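Taking the working numbering, the leading residue of the sequence shown gets 232, the next gets one more, and so forth.
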Amino acid sequence: MRGVPRAELILPVAIVAAATILAISEFMVTFEFTPPGGEALSRSLASDRHYYALLLLAIFAVASMLVAIATGLRSFAIGTAVLGVAALLIFLIVDLPDAGKLGTIGGDSEFTFSTARAEPQSGFIAEAFGAVVLGLATVAFATLNSSQLRAPIARFTSKREDADTGPGGAGDQAAAAPALARSTSARGAQDRRVLTRRRERG
């Protein structure tokens with residue numbers, strides 16, 4: 232279908248968007264620990280749970296993707312998929328099992344909540360969306376061949392060439408220069424012939 236972006240153009244955008252959301256989620260609240268029927272007594276940031284692991288995975292996934300696009304090497308595309316799947320596994324193993332879970336919060340004798348529930352917050356939702364999309368998009372990205380990986384660069388290059396060779400572009404100007412020179416030379420020769428005839432008549 233014409234006018235519909237191809238997968239090799241959509242996937243890099245999806246990876247960057249998902250990685251950005253995942254990185255931002257590391258600075259958001261993942262859970263609030265709330266006793267049944269009570270108010271939130273504590274909260275947990277994603278960075279406290281992962282030690283910024285998701286942030287680093289998101290950054291390296293985008294960097295690996297950019298290298299794959301620049302070089303066309305599938306090894307970097309596969310590396311991008313490994314990083315994306317690792318981020319997804321962290322979400323599935325570390326955070327998802329705790330969502331809505333009742334348990335003891337705190338370990339000291341002065342402050343212990345034995346019936347607090349881990350209530351998912353905006354950081355959990357952002358992390359879930361970013362991890363799932365990043366994992367799926369990077370795996371799909373790893374299936375592209377070398378020419379498909381370089382498609383974004385090829386598309387950008389072709390647009391620049393079209394701009395140079397299009398109407399009024401540098402290509403048209405270069406092509407028109409010889410014709411303009413010939414036209415000017417012809418007019419000059421015609422003017423000289425007219426002047427010669429006038430002198431002969433005079």
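Glycine residues also receive a C-beta, built at the ideal position from the N, C-alpha and C atoms.
Just so we're clear, the structure is a prediction, and the values are computed from it rather than from any experiment.
Sheet register partners of residue i (DSSP bridge)
i      : result
Phe264 : Ser273, Ala349
Inter-residue Cα distance where the pair is residue i and residue j
i      : j      : result
Ser378 : Ala289 : 25 Å
Ser295 : Ser256 : 21 Å
Leu365 : Ala249 : 5 Å
Thr388 : Ala382 : 10 Å
Phe355 : Val260 : 7 Å
Gly315 : His281 : 15 Å
Phe291 : Glu270 : 39 Å
Leu367 : Gly310 : 14 Å
Leu375 : Leu323 : 26 Å
Ala362 : Asp326 : 11 Å
Leu272 : Pro266 : 8 Å
Check whether residue i and residue j have beta carbons under 8 Å apart
i      : j      : result
Phe360 : Ile246 : no
Ala349 : Phe258 : no
Pro351 : Ala318 : no
Ala308 : Ala299 : yes
Gly303 : Leu240 : no
Leu297 : Ala254 : no
Leu312 : Phe372 : Reading off the sequence shown, one finds Ala at residue 312, where the question assumed Leu. Closer than 8 Å, so yes.
Ala284 : Ile321 : yes
For residue i, the three-state DSSP class (helix, strand or coil)
i      : result
Leu304 : coil
Met296 : helix
Thr369 : helix
Thr374 : coil
Ala312 : helix
Limits of the alpha helix (DSSP H) - the one that residue i falls within
i      : result
Leu231 : With the chain covering only 232 through 433, there is no way to say anything about residue 231.
Pro328 : Taken as a continuous stretch (DSSP letters only), Pro328 belongs to no alpha helix (DSSP H), as it is neither H nor E.
Glu239 : 238-256
Check: residue i C-beta below 7 Å from any heavy atom of the ligand COA
i      : result
Leu319 : What this structure holds is no ligand at all, so the ligand COA is not there to describe.
8 Å Cβ cutoff, residue i in contact with chain C
i      : result
Ala292 : Chain labels in this structure do not include chain C; a single protein chain is all it has.
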